[in-house]
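A.B. asks: For what it's worth, UniProt numbering labels the leading residue of the sequence shown as 1, then goes sequentially. Even glycine gets a Cβ: it sits at the ideal position worked out from N, Cα and C.
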Amino acid sequence: MISREIQLTAQIAGTPTLGHFTVAETEVDGEVLVRTDQIGLAATYLELMRADCTIPVPAWQPGQRVGAAAIGTVVRSDSPGLQAGDLVQSMTGWSEYSAGPAGSYLKLDRGLFADPGYHLGQGPTAYHGMAEVAAVGEGDVVFVSGAAGGVGSLAGQIARCLGAARVIGSAGSPEKVDYLVNELGYDAAFDYHDGSTADRLRELAPEGISVFFDVVGGEQYQGALQAARPGARFALCGSLSSQLGDAAERFPQPDRAAAEARGVELLPFSCHHTPDQLAAWREHFSGWLDEGRFVYPQTVVEGGIEDVPQAFLSLLQGSYRGNVSVRLP
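(1) Which word fits Asn323, buried or exposed, when buried means at least 16 other C-beta atoms lie within 10 angstroms of its C-beta?
(2) Who are the Cβ neighbours of Thr299 in its own chain at under 7 Å, not counting the five residues just before and after it?
(3) Would you tell me roughly how many angstroms separate the C-alpha atoms of Val133 and Gly81, rounded to the nearest one?
(4) Taking 7 Å as the cut-off, decide whether the C-beta atoms of Gly169 and Gly150 are in contact.
(5) Let me know the secondary structure DSSP gives Glu27 once reduced to three states.
(6) Taking all protein chains shown into account, decide if Thr9 is buried (16 or more other Cβ within 10 angstroms of its Cβ) or exposed.
(7) Please confirm whether Gly123 and Leu154 have their CB atoms less than 7 Å apart.
(8) Is it buried or exposed, Leu267, if we count other Cβ atoms within 10 angstroms and call 16 or more buried?
(9) Are Phe190 and Arg200 close, meaning C-beta to C-beta below 7 Å?
(10) Using the Cα positions of Tyr186 and Phe269, report the straight-line distance between them to the nearest angstrom.
(11) Measuring CB to CB, does Trp94 end up less than 7 Å from Val301?
(12) Taking just the CA atoms, how far does Val264 sit from Gln61?
(13) Report, in whole angstroms, the separation of the C-beta atoms of Ala171 and Ala198, which I expect to be a contact under 8 Å.
(14) With a threshold of 16 other CB atoms inside 10 Å of the CB of His272, please say whether the residue is buried or exposed.
(15) Determine the closest residue to Gln64 out of Ala43, Val57, Ala99 and Ile6, with distance taken between C-alpha atoms.
(16) Which term fits Gln317, buried or exposed, when burial requires 16 or more other beta carbons within 10 angstroms of its beta carbon?
(17) Report the rounded CA-to-CA distance for Asp37 versus Asp115, giving the unit in angstroms.
(18) To the nearest whole angstrom, what separates the beta carbons of Val215 and Gly152, a pair I think is in contact under 8 Å?
(19) On the DSSP letters alone, give me the boundaries of the alpha helix (DSSP H) that Arg282 sits inside.
(20) Of the residues Arg110, Ala235 and Cys53, which one's Cα is nearest the Cα of Val74?
(21) Can you tell which of Leu162, Gly208, Tyr97 and Ala131 has the C-alpha that lies nearest to the C-alpha of Ala235?
So, in structure tokens, the structure goes:
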């Protein structure tokens, strides 16, 4: 059958625009045919659209469908493992329909979460970074940059559930700061536009931070470094400040030498997860939700496949809170 999809027109060198994307029609056929219901959006996808991609997987090429996490409903299946009506997850990306071998689709439990879109959240990344990389535990003082975004809004709550003594977040507006404290349970938060990160952390964590979960880099990384206790663990999830904008506007990558001089352990990690990591997140997430200890923050954009690029650009501009997805009609 014919499906519409979003393809890259050119790899991105500076600021992404709608001109980097186009709607194309393509024929889809395979062992399993799936209608896309909801597409997950994440800032990390921008790196895979760049010619100088630093993630150790192949960057997306012009004329190629933009890949991304999606959930959908099986329309037709020649596989005994999947039946019409099954809910599945895949990395088939920005398309109305997809098709392929049954092994490329993960069958989901429709009853596990109140909303199927919960499966598209960036919880596996947040949980792996906070629980397994930074190994947050009792007594830790944790700082999360970009705390109102898809990863950060979950990472802070995970730290709290793991026993952190204090959780601090940064965000880009007073409204988001209020959201972090009054809705997501952060102990404190600040707008990174209001003075230096180092000064705010000295005020909010006078004895220093022991864990930094970073998705921004740049000035916030430098500020966290100044506020870090000896032996602090820095879980480096992303560096948006070095990805967005033209090269002249971007912050440099984190300074490893300065971290080593201060006795800080830098722990960069990948956002590509094993089945065990996915299972660990789902187990803890569902349990914390049932116990009332966790809020799932999400923004769902209603629209057609042609609206996905604009939703992605709006995400990069900080227009949304929490995990972002586009729900197709």
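C.D. replies: This is what the structure holds:
(1) In the sequence shown, the residue the question calls residue 323 occupies position 323. That one is buried.
(2) In the sequence shown, counting from the first residue as 1, residue 299 sits at position 299. For Thr299, where only same-chain residues beyond five positions count, the Cβ hits under 7 Å are Tyr320, Arg321, Gly322 and Val324.
(3) Start at 1 with the first residue of the sequence shown, and residue 133 comes out as number 133. Start at 1 with the first residue of the sequence shown, and residue 81 comes out as number 81. The alpha-carbon atoms of Val133 and Gly81 are separated by roughly 34 Å.
(4) The residue you call residue 169 lines up with position 169 of the sequence shown. The residue you call residue 150 lines up with position 150 of the sequence shown. Not a contact, by the Cβ cut-off of 7 Å.
(5) Looking up residue 27 in the sequence shown gives position 27. Of the three classes helix, strand and coil, the one that applies to Glu27 here is strand, per DSSP.
(6) Numbered from its first residue, the sequence shown carries residue 9 at position 9. When all chains shown are included, Thr9 counts as exposed.
(7) Here residue 123 refers to the residue found at position 123 when the sequence shown is read from its first residue. Here residue 154 refers to the residue found at position 154 when the sequence shown is read from its first residue. Contact: yes.
(8) Here residue 267 is taken as the residue at index 267 of the sequence shown, counted from 1. It counts as buried.
(9) Taking the first residue of the sequence shown as 1, we reach residue 190 at position 190. Taking the first residue of the sequence shown as 1, we reach residue 200 at position 200. Going by C-beta atoms, Phe190 is nearer than 7 Å to Arg200.
(10) For the purposes of this step, residue 186 is taken as residue 186 along the sequence shown, with counting starting at 1. For the purposes of this step, residue 269 is taken as residue 269 along the sequence shown, with counting starting at 1. Approximately 24 Å, taken between the alpha carbons.
(11) Numbered from 1 along the sequence shown, position 94 holds the residue referred to as residue 94. Numbered from 1 along the sequence shown, position 301 holds the residue referred to as residue 301. For Trp94 and Val301, no; Cβs fall outside 7 Å.
(12) Indexing the sequence shown from 1 puts residue 61 at position 61. Indexing the sequence shown from 1 puts residue 264 at position 264. Distance between the alpha carbons of Gln61 and Val264 is about 37 Å.
(13) Along the sequence shown, read from residue 1 onward, the residue named residue 171 stands at position 171. Along the sequence shown, read from residue 1 onward, the residue named residue 198 stands at position 198. Actually they are not in contact, since the Cβ atoms of Ala171 and Ala198 sit about 17 Å apart, beyond 8 Å.
(14) By 1-based counting over the sequence shown, the position of residue 272 is 272. Result: exposed.
(15) Your numbering for residue 64 matches position 64 in the sequence shown. Of Ala43, Val57, Ala99 and Ile6, the residue nearest in Cα terms is Ile6.
(16) For the purposes of this step, residue 317 is identified with residue 317 of the sequence shown, where counting begins at 1. Exposed, since its Cβ has fewer than 16 Cβ neighbours within 10 Å.
(17) Residue 37 sits at position 37 when you count from the first residue of the sequence shown. Residue 115 sits at position 115 when you count from the first residue of the sequence shown. Whole-angstrom Cα-Cα distance: 12 Å.
(18) In the sequence shown, the residue the question calls residue 215 occupies position 215. In the sequence shown, the residue the question calls residue 152 occupies position 152. Right, the Cβ-Cβ distance comes to about 6 Å (below 8 Å), so this counts as a contact.
(19) Taking the first residue of the sequence shown as 1, we reach residue 282 at position 282. It spans Pro275 to Asp290 - the alpha helix (DSSP H) in which Arg282 sits, taken as one unbroken run.
(20) Taking the sequence shown and counting its residues from 1, the one referred to as residue 74 is at position 74. Answer by Cα proximity: Arg110.
(21) Your numbering for residue 235 matches position 235 in the sequence shown. The option with the nearest alpha carbon to Ala235 is Ala131.
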